Amino acid sequence: MNNVTVLGSTGSIGCSTLDVIARHPDKYRAFALTASSSADKMAEQVLQFEPVFAVMANEDAAARLKTLLPSNHATQVLAGADNLAMVSRHDDVHQVMAAIVGAAGLLPTLAAAQAGKRVLLANKEALVMAGPLFMQAVRDGGAELLPIDSEHNAIFQSMPVAYSGDFSQHGIRKILLTASGGPFRGWAADKLDAVTPAQAVAHPNWSMGQKISVDSATLMNKGLELIEACFLFNCAANDVQVVVHPQSVIHSMVQYNDGSVIAELGQPDMRTPIAYGMAWPERIEAGVASLDLFEIARLDFEPADEVTFPALALARQAFETGMTMPAVLNAANEVAVDAFLREQIAFTDIPRLVQSVMAEHVPVAIGHLDTVLAADEWARETANRLLTKDFPHAGLNEVGS
Ligand code: NAD
Ligand code: MG
-16 MNNVTVLGST GSIGCSTLDV IARHPDKYRA FALTASSSAD KMAEQVLQFE PVFAVMANED
44 AAARLKTLLP SNHATQVLAG ADNLAMVSRH DDVHQVMAAI VGAAGLLPTL AAAQAGKRVL
104 LANKEALVMA GPLFMQAVRD GGAELLPIDS EHNAIFQSMP VAYSGDFSQH GIRKILLTAS
164 GGPFRGWAAD KLDAVTPAQA VAHPNWSMGQ KISVDSATLM NKGLELIEAC FLFNCAANDV
224 QVVVHPQSVI HSMVQYNDGS VIAELGQPDM RTPIAYGMAW PERIEAGVAS LDLFEIARLD
284 FEPADEVTFP ALALARQAFE TGMTMPAVLN AANEVAVDAF LREQIAFTDI PRLVQSVMAE
344 HVPVAIGHLD TVLAADEWAR ETANRLLTKD FPHAGLNEVG S
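With our numbering, the residue at position 77 of the sequence shown is 60, and numbering never jumps.
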């Protein structure tokens, strides 16, 4: 039996992971489930999957969860970051689905890598923040890193089986990273000022958590994914070309020097990359229907509009600067997206705020995790300070609320 810890089990990726696990009770077992505060959803999952551990982010949420379970229930309910790391490195665990959103996922994901687990990486923010340290932890711990982000999973599937980390050794020319373009593809810049959170989270093809949906709308998601691709596949930013492909049928491609382009195609359903990562190198049923190419009929491609959507260029710049700059980009973006979702700033303020924070940052080399965590904290403080000082809309919505 293959024991799986699902970090962020109540989220979009977490629920899809449990859906795949439930299809294969003979192969996989949910060993530990974790969530931030959604005790109701967690109680349902605990009753269905009967994990050994259920870990909530804080004591209050854990206490609420206990009241929702029968008093003699066998699952141990725990709380806090130390226990997230404990269920990630536990001796009985084989695989860890890293599906906490944002920087909060870094420490438990790193713990899984250090403990040599199979790491199913959905939490791209962890890699963006601490790429070199994370990849080193994977090597030192002897972990297996399987990308779950659909694009990176597609690239992984399109790469040579024994990819060494060196493009030239395998005749690889470029990674073609596809992007749907988000809900505002083709919009004029002046129309973007007034978009609402509800419009921004309504992704045309994928059903996802709020934060990544807003990132998809600003194209910051593609920027984070560009950085993710560079760390995962050990390449430079200009080895990765973003290709807007509105149908999201091709999930990304690898271009070779003999003229071949290898792609992975599929439904926009995260159960495909999740099942691929769980079963690799085998394949298992994921509950996903086959593609109907006659129904799809056509595939379109266009370049990304980096002028209207400056977040992509900011991310490329952060990766090229290196050191602590990607961590700062990520943290400033988390603050900005949160402020936008609370209607404190406009949609177009998101990249403006990120750019302002990056402009104030003096990057330092990442020798240790503490450096990354300090940069993350500095960027959050700076973003919050600039929010109240320089962003005219900031805080307006709090009046009377
Ligand atoms: P989500 O918001 O739906 O779920 C997030 C999960 O993390 C929830 O279970 C939540 O309880 C937990 N969580 C949030 N904050 C936490 C904290 N401080 N401590 C502990 N747990 C916390 O998000 P999602 O869409 O499932 O995305 C999860 C990750 O996967 C993100 O990093 C995202 O970029 C990545 N990803 C998602 C998709 C997708 O289709 N949803 C695709 C590719 C990559
Ligand atoms: Mg993606």
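Backbone N, C-alpha and C define an ideal beta-carbon position, used for all residues, glycine too. In this text, all values refer to a predicted model and were calculated from it rather than measured experimentally.
Residue i (DSSP reduced to helix, strand or coil)
i      : result
Y390   : Missing from the structure shown is residue 390; the chain here goes from -16 to 384 and no further.
M118   : helix
E381   : Only weak support exists for where E381 lies, its pLDDT of 44 falling under 50; the value from the coordinates is given anyway. Helix.
M80    : strand
Q327   : coil
H234   : strand
E247   : strand
C(-2)  : helix
L(-10) : strand
K100   : coil
A366   : helix
A64    : helix
T371   : helix
P334   : helix
N316   : helix
N(-15) : strand
R281   : coil
L274   : coil
I155   : strand
E134   : helix
A185   : coil
T179   : coil
T161   : strand
Y259   : helix
L48    : helix
E127   : strand
Cβ-Cβ distance between residue i and residue j below 8 Å
i      : j    : result
V102   : P309 : no
G164   : P229 : yes
V178   : F167 : yes
L129   : G260 : yes
D75    : L51  : no
S(-8)  : A18  : yes
L295   : A315 : no
L(-10) : G88  : yes
N(-14) : F14  : yes
A44    : S71  : no
I138   : F216 : yes
V35    : T58  : yes
M306   : A362 : no
F330   : L104 : no
A319   : A258 : no
A62    : M25  : no
Y239   : I328 : no
A162   : V226 : yes
L48    : A37  : yes
V180   : L356 : It is worth fixing the name first, because residue 180 is Pro in this sequence and not Val. Not in contact: P180 and L356 (Cβ atoms no closer than 8 Å).
L248   : I233 : yes
M(-16) : R12  : yes
8 Å contact criterion, which residue i and residue j should meet: CB distance rounded
i    : j    : result
K194 : G85  : 6 Å
I158 : A212 : 6 Å
D132 : E208 : 6 Å
L160 : V237 : Not a contact, Cβ separation roughly 10 Å.
L369 : S339 : 5 Å
L90  : F117 : With 8 Å as the limit, L90 and F117 do not qualify as a contact, their Cβ atoms being about 11 Å apart.
A95  : A126 : 7 Å
R298 : M142 : Reading off the sequence, residue 298 comes out as Ala, not Arg. Actually they do not touch by this definition, with Cβ atoms about 22 Å apart.
P256 : N136 : 4 Å
R254 : A269 : 4 Å
Continuous beta strand (DSSP E) assignments of at least 3 residues falling wholly in the segment 18 to 46: 36 to 39
Segments assigned beta strand (DSSP E), at least 3 residues, entirely inside the segment 191 to 229: 223 to 227
Stretch-stretch touch, CB-based, cutoff 8 Å, three pairs: the segment 270 to 290 with the segment 331 to 345: no
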